[in-house]
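Going down the list, the sequences are from chains V and G. Taken in order, the first sequence gives residues 1 to 140; the numbers are from my numbering. Taken in order, the second sequence gives residues 1 to 180; the numbers are from my numbering. For glycine and all other residues, C-beta sits at the position ideal for the given N, C-alpha and C. Small disclaimer: the values here were computed from a predicted structure and weren't measured.
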Amino acid sequence: MGMHKPIYHPMNDCGDVVVCINSRDIALRGDEWKKRAYFHHTGYPGGATWTLAWEVHNKDPTMIIKKAVYRSMKGNLQRRHTMERLLIYPDEEVPEDVLQNVTNQIRQLRLVPTRLDHIPEDEVRKFPKVMDYPKDYVYK
Amino acid sequence: MALLARTGVSFLKNAVLSTSVRTLSLTNKLNLKELQERKEGSTLVVEGVNVPSPRTELLIRAENIKDLVQPEGTPKETCYMCALGLDVKHTDVLILSQFVRSDGCMLPRRITGLCRRQQKKIGKMVSMAQKAGLMINLTPSFCKKDPKKRYGFKKFNSYFDETTIFQKKIPTPFEHLKNR
Chain V
1 MGMHKPIYHP MNDCGDVVVC INSRDIALRG DEWKKRAYFH HTGYPGGATW TLAWEVHNKD
61 PTMIIKKAVY RSMKGNLQRR HTMERLLIYP DEEVPEDVLQ NVTNQIRQLR LVPTRLDHIP
121 EDEVRKFPKV MDYPKDYVYK
Chain G
1 MALLARTGVS FLKNAVLSTS VRTLSLTNKL NLKELQERKE GSTLVVEGVN VPSPRTELLI
61 RAENIKDLVQ PEGTPKETCY MCALGLDVKH TDVLILSQFV RSDGCMLPRR ITGLCRRQQK
121 KIGKMVSMAQ KAGLMINLTP SFCKKDPKKR YGFKKFNSYF DETTIFQKKI PTPFEHLKNR
């Protein structure tokens, strides 16, 4: 966006863009994947469709991020031009010319949780225990 | 004659069945056991072997911690999880995995020894962790072991909010406007 530059003006293209990678791996809260619906209307009678978030994500893994950013912006004429400065990629493959100009990184807000099978077995065994089996318990 | 026949039948029944009926005992005769299967020739021997619990040395209890400050209003007789006052999230798989069986199923309350509230809370968090695919090695044998191979919406990543566990009522979007 280039908002830190003294020459910044929304209608001035100073070459700064935001690159978003790994949009395929986004996480939604709770059962949002099946509860969230995206509305679209073709303009014709009976042309309304509601597509669930997981169906949208199956079809285009960048669409949910794109719509979320689009909705968070002010609905003025500049919105569609500002959206042009957001580049979203479903995985880590970014074109070389985009990657060369990356200068900074915005860290993710929510850390990716560690899976139990990715923790070494020895560490799991030595982790302090809270629950102990009762005396008449049979292992399974 | 009929009385004699009935007593004869009951006597025979007792003689046959008494050997198979297991005698009840109220003492804690059974200890922590592991079922071991081995084959001796053509016979399969299933044996329950007494084993010491591997957890006793690593066990953490609130009464053993000296400088543990409990928040005000906590009742004196609480279960061990309430007494510890840990803020467990659904991503803390190292804690949650202690409460599940090897197939990822939550253990019942008579085994975990938790209070009702904690049992409910931890059970919900276990299911949250399972849905998020964090305890994929603790699943039934027919599970595909890879969250990305799941069907439909289940293959995408999700996270959970623990404050929703005891939320009795989910407020409708316009409810806060009515109360003004």
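Looking at residue i: is its Cβ nearer than 7 Å to the Cβ of residue j?
i: residue 89(V); j: residue 7(V); result: no
i: residue 53(V); j: residue 36(V); result: yes
i: residue 106(G); j: residue 123(G); result: yes
i: residue 129(G); j: residue 158(G); result: no
i: residue 57(V); j: residue 48(V); result: no
i: residue 93(G); j: residue 87(V); result: no
i: residue 110(G); j: residue 132(V); result: no
i: residue 165(G); j: residue 121(G); result: yes
i: residue 162(G); j: residue 89(G); result: yes
i: residue 2(V); j: residue 16(V); result: yes
i: residue 32(G); j: residue 51(G); result: yes
i: residue 114(G); j: residue 79(G); result: yes
i: residue 58(G); j: residue 129(V); result: yes
i: residue 24(V); j: residue 61(V); result: yes
i: residue 155(G); j: residue 148(G); result: yes
How would you write the range of the alpha helix (DSSP H) that residue i sits in, first residue to last?
i: residue 82(G); result: 80-84
i: residue 139(G); result: Careful: residue 139(G) lies outside any alpha helix (DSSP H) and carries neither H nor E.
i: residue 7(V); result: It is not in any alpha helix (DSSP H) - residue 7(V) carries neither H nor E in the DSSP assignment.
i: residue 72(V); result: 63-72
i: residue 124(V); result: 121-126
i: residue 81(V); result: 79-83
Contact defined as beta carbons within less than 8 Å: I believe residue i pairs with residue j. What is the distance between those atoms, to the nearest angstrom?
i: residue 10(V); j: residue 78(V); result: 5 Å
i: residue 91(G); j: residue 113(V); result: 4 Å
i: residue 153(G); j: residue 34(V); result: 5 Å
i: residue 126(G); j: residue 96(G); result: 5 Å
i: residue 38(V); j: residue 67(V); result: 7 Å
i: residue 94(V); j: residue 19(V); result: 6 Å
i: residue 119(G); j: residue 82(G); result: Incorrect: roughly 11 Å between the Cβ atoms, too far for contact.
i: residue 138(V); j: residue 48(G); result: 7 Å
By the DSSP assignment, the beta strand (DSSP E) with residue i in it spans what residues?
i: residue 157(G); result: 157-159
i: residue 112(V); result: Per DSSP, residue 112(V) belongs to no beta strand (DSSP E) and is neither H nor E.
i: residue 43(G); result: 43-50
i: residue 18(V); result: 18-20
i: residue 27(V); result: 27-29
i: residue 37(V); result: 37-41
i: residue 34(G); result: 33-40
For residue i, which of helix, strand or coil comes out of DSSP?
i: residue 58(G); result: helix
i: residue 106(G); result: strand
i: residue 88(V); result: strand
i: residue 101(V); result: coil
i: residue 112(G); result: helix
i: residue 90(G); result: coil
i: residue 166(G); result: coil
i: residue 77(G); result: coil
i: residue 53(V); result: helix
i: residue 93(V); result: coil
i: residue 132(G); result: coil
i: residue 138(V); result: strand
i: residue 69(G); result: coil
i: residue 144(G); result: coil
i: residue 100(G); result: strand
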